[in-house]
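S.K.: The structure is given below, and queries will be raised subsequently.
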Amino acid sequence: EAAVTQSPRNKVAVTGGKVTLSCNQTNNHNNMYWYRQDTGHGLRLIHYSYGAGSTEKGDIPDGYKASRPSQENFSLILELATPSQTSVYFCASGEGTGGARAEQFFGPGTRLTVL
Amino acid sequence: GDQVEQSPSALSLHEGTGSALRCNFTTTMRAVQWFRKNSRGSLINLFYLASGTKENGRLKSAFDSKERYSTLHIRDAQLEDSGTYFCAAEAPSGSWQLIFGSGTQLTVMP
Chain A
186 EAAVTQSPRN KVAVTGGKVT LSCNQTNNHN NMYWYRQDTG HGLRLIHYSY
236 GAGSTEKGDI PDGYKASRPS QENFSLILEL ATPSQTSVYF CASGEGTGGA
286 RAEQFFGPGT RLTVL
Chain B
5 GDQVEQSPSA LSLHEGTGSA LRCNFTTTMR AVQWFRKNSR GSLINLFYLA
55 SGTKENGRLK SAFDSKERYS TLHIRDAQLE DSGTYFCAAE APSGSWQLIF
105 GSGTQLTVMP
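In the order they appear, the protein sequences are chains A and B.
So the first sequence is numbered by our numbering: it starts at 186 and just counts up by one.
So the second sequence is numbered by our numbering: it starts at 5 and just counts up by one.
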């Protein structure tokens, strides 16, 4: 069974502060993703990674950076948090190599509030 | 515009009845996933389909990439089926990113 964990689960930050959200997966999947979900909407892709050392921009990357220091870990960094970044953030992992099955498995989410 | 259109946005069912959710795609997608968001906010994987149909208990899903749609059928609905259901299509580009529908809020009533 896929296992993706996120920390922290809840975070309150101040405007202008730095926030780091962490994700760990034990599936040895190549690809990892960061999405955000806002009330009444589906998830939207922020950044993703094909493997250690790789980060790519998704559909809404502005205001976010990502870091993939190892196969297992993928972080999302908000250098200068703003209230518009208040949301629930989901991390996911998936195989996604060649023609392989690319099912994604999600972590439990991090609820971020920027005051 | 939106690449994944999910309907209905909200649905109420009585226990024991059934219905279908649908996602239409504006372009050819490689695969589709269906999720249920539970009361704790976690996304539970229901189905992954690259083609055809799959069934799991009271749930059945179909995906037709050529006709650009996917469906999720729920039969004999139970109270614990309540939650928000999302479809997510796998983009045709190389990143395997998922493009999500806006969700269906399902309420099952006694």
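Note that beta-carbon positions come from the ideal geometry of N, C-alpha and C, so glycine has one too.
Small disclaimer: the values here were computed from a predicted structure and weren't measured.
If you follow the beta strand (DSSP E) that G225 of chain A is part of, which residue opens it and which one closes it?
M.R.: Taken as a continuous stretch (DSSP letters only), G225 of chain A belongs to no beta strand (DSSP E), as it is neither H nor E.
S.K.: Counting only the same chain and skipping the five closest in sequence on each side, list residues whose C-beta sits under 7 angstroms from that of T200 of chain A.
M.R.: Correct list, in chain order: A266, T267, P268, V299, L300.
S.K.: Scan the stretch 223-235 of chain A for residues whose Cβ lies nearer than 9 angstroms to a Cβ of chain B and list them as they occur along the chain.
M.R.: So the close ones are G225, H226, G227, L228, R229, L230, Y233, Y235.
S.K.: Give me the residue from A:T240, A:G279, A:Y249 with the minimum Cα distance to H214 of chain A.
M.R.: When only C-alpha atoms are compared, the closest one is A:G279.
S.K.: Could you tell me whether the Cβ atoms of S11 of chain B and T108 of chain B are closer together than 9 angstroms?
M.R.: Yes, the pair counts as a contact, with Cβ atoms nearer than the cut-off.
S.K.: How would you list, in chain order, the residues of chain A whose beta-carbon sits under 7 angstroms from the beta-carbon of W100 of chain B?
M.R.: Here the neighbours are N216, G279, G281, A287.
S.K.: To the nearest angstrom, how far is it from the Cα of G22 of chain B to the Cα of T75 of chain B?
M.R.: Distance between the alpha carbons of G22 of chain B and T75 of chain B is about 13 angstroms.
S.K.: Run through DSSP, which three-state label would Q256 of chain A get?
M.R.: Residue state, collapsed to three classes: coil.
S.K.: Return the CA-CA distance between N28 of chain B and A54 of chain B, expressed in angstroms with no decimal places.
M.R.: Cα to Cα, the separation comes out at about 15 angstroms.
S.K.: Enumerated in chain order, which unbroken segments of the beta strand (DSSP E) with a length of 3 residues or greater are wholly contained in the stretch 40-92 of chain B?
M.R.: The stretch 40-92 of chain B contains these whole beta strand (DSSP E) runs: 47-53, 56-60, 63-68, 73-78.
S.K.: Let's test the definition: count the other Cβ atoms within 10 Å of the Cβ of E84 of chain B and tell me whether it reaches 16, buried, or not, exposed.
M.R.: The residue in question, E84 of chain B, is exposed, as its Cβ has fewer than 16 Cβ neighbours within 10 Å.
S.K.: Are any of the Cβ atoms in chain B nearer than 9 angstroms to that of Y274 of chain A?
M.R.: So no, Y274 of chain A is outside the interface.
S.K.: Cβ closer than 9 angstroms: which chain A residues qualify as neighbours of Y52 of chain B?
M.R.: Simply R286, A287, E288, Q289.
S.K.: For chain B, find out if any of its Cβ atoms is closer than 9 angstroms to the Cβ of D247 of chain A; answer yes or no.
M.R.: Output row for D247 of chain A: interface = no.
S.K.: Classify A66 of chain B as buried or exposed, calling it buried when 16 or more other Cβ atoms lie within 10 Å of its own Cβ.
M.R.: With 16 or more Cβ atoms within 10 Å of its Cβ, A66 of chain B is classed as buried.
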